[in-house]
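Residues in the sequence shown are numbered consecutively from 1, following the UniProt record's numbering.
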Amino acid sequence: MKKFDNNEECHYDDILDVSKLSCPLPILNTKKALSKMETGKILRIISTSNIDSLNDFVIFAEQTGNSIVFKEKYIDNEIEYIVIYIRRR
1 MKKFDNNEEC HYDDILDVSK LSCPLPILNT KKALSKMETG KILRIISTSN IDSLNDFVIF
61 AEQTGNSIVF KEKYIDNEIE YIVIYIRRR
């Protein structure tokens, strides 16, 4: 079982796939999804990886007071993805 940075088992309350969207839609959709969630809930986001995508999510989390509790990269059919778990503030 995967673990969050604080060694807590990975779980999530909702999932958002933004892998087919271009900037700025992944961040805008993430903001919208988080706004519908209760404090402390975790959103799992799947996005394609490019030079700025992970950094965009990190900056978004810092600016909004939400926290990234886990992130990973993986490759599927030669496409690199990032998966980010953000805890709602």
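Every residue gets a Cβ at the ideal spot worked out from N, C-alpha and C, and that includes glycine.
The structure displayed is predicted, hence computed values, not measured ones.
Identity of the residues DSSP links to residue i by a beta bridge
{"i": "Phe70", "result": "Tyr85"}
{"i": "Leu34", "result": "None; Leu34 has no bridge partner."}
{"i": "Glu80", "result": "Ile75"}
{"i": "Leu16", "result": "Ile45"}
Outcome for residue i when other beta-carbon atoms lying within 10 angstroms are tallied against a minimum of 16
{"i": "Val18", "result": "buried"}
{"i": "Pro24", "result": "exposed"}
{"i": "Thr39", "result": "exposed"}
Nonlocal neighbours in the same chain, by C-beta distance under 7 Å from residue i, ignoring five residues either side
{"i": "Val58", "result": "Ile68"}
Close Cβ partners of residue i (< 6 Å) along its chain, the five nearest in sequence each way excluded
{"i": "Lys41", "result": "Asp13, Arg88"}
Element boundaries [alpha helix (DSSP H), containing residue i]
{"i": "Thr64", "result": "53-64"}
Any C-beta of chain B under 7 Å from that of residue i
{"i": "Lys20", "result": "Absence of chain B from the displayed structure is noted, only one protein chain being present."}
Range of the contiguous beta strand (DSSP E) that encloses residue i
{"i": "Ser47", "result": "42-48"}
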